[in-house]
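Since the structure comes first, as structure tokens, the remarks are kept for the end.
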Amino acid sequence: MYKLFYALKTASMGVRVMLEEIGTPYELIDTTVAMNEPRPPEQLAINPNGWVPVLAWEGGAMYECAAITMFLCDRHPEAGLAPALDDPARPLYLQTLVYFSNAIQNAYQLTYYPDRFADTPADEPSAKRRGNRRLRETWQVIDDQIGDKEWVLGERFSAADIYLFMLTTWLRSAKGHPAIEAFPNVKRIADIVVQRPSVRLVYTPWIANPDY
Ligand SMILES: N[C@@H](CCC(=O)N[C@@H](CS)C(=O)NCC(=O)O)C(=O)O
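Letter by letter, the sequence shown follows residues 237 to 448 in my numbering.
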């Protein structure tokens, strides 16, 4: 049984979709991403940074969303969410997940947590502006990479498509983020992923109101 430290609007929702797709039992442990609210001690014992997702299971625990995604896909190959080790699509799968994590998520961080990237509060608007530009740059790279392919990896659906969908749910015009319409290939995949029963279940609040 997996335990997932969970908060709405966060990357823990993407991990929950993976667990639903795998069809394995899991327990959600409510936590928060509010700066001024304490995290459960069990969460901090695994991830002293205090962020989610954090996954625990009998015999182990880990954090970092892309790493958790790879771990779950490898542990449950029968779910067919990732190319096998010797599959020619494997390098693109790994490359894209790591790029999502360290380029696109990093750009979001500049806009959601500018205090972590600015020396003084007065510098924070600059960090936010650069983050917004960085979001345009990095999403464009992914949009071009997808081109007219059906899915991120080409002809087959994978965890990379779920991850892509999760990242699109963080776009907010109120923050000055680009609109998803600026990246039509990304939007095309996200519009199909949202129809999956696993995604409809986990993202019910976002589907009801994308600005939730
Ligand atoms: N590199 C981490 C970043 C995770 C992250 O930024 N999580 C956000 C929510 S999506 C969070 O927990 N923020 C609260 C905080 O950082 O204190 C990952 O990909 O797992």
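Beta carbons: idealized from backbone N, C-alpha and C, even for Gly.
Give me the Cβ distance between residue i and residue j, rounded to the nearest whole Å; I'm assuming they're in contact under 8 Å.
| i | j | result |
| --- | --- | --- |
| E256 | S434 | 4 Å |
| L346 | F353 | 5 Å |
When the Cα of residue i is compared with those of the options, which residue comes out closest?
| i | options | result |
| --- | --- | --- |
| P420 | D379, T374, R370 and Q345 | D379 |
| Q341 | A320, A315, D310 and E373 | E373 |
| L437 | L330, F307, R252 and E278 | R252 |
| M271 | N285, V429, L264 and Y262 | N285 |
| Y344 | D323, E314 and W375 | W375 |
| Q331 | V388, E273 and I443 | V388 |
| Q381 | P414, N368, K411 and L333 | L333 |
| T268 | T246, L321, A302 and I428 | T246 |
| K411 | P319, R366 and G390 | R366 |
How many Å lie between residue i and residue j at the Cα?
| i | j | result |
| --- | --- | --- |
| G296 | N338 | 24 Å |
| Y242 | Y399 | 16 Å |
| D351 | N283 | 20 Å |
| D355 | D310 | 40 Å |
| R432 | Y262 | 19 Å |
| R392 | Y299 | 27 Å |
| A415 | P357 | 27 Å |
| R326 | K364 | 34 Å |
Can you tell me whether residue i sits near ligand 1, meaning its C-beta is under 7 Å from at least one heavy atom of the ligand?
| i | result |
| --- | --- |
| S337 | yes |
| T347 | no |
| Y262 | no |
| G286 | yes |
| C301 | yes |
| A297 | no |
| A247 | yes |
| V269 | yes |
| Q341 | yes |
| P289 | yes |
Who does residue i pair with in a DSSP beta bridge?
| i | result |
| --- | --- |
| E263 | K239 |
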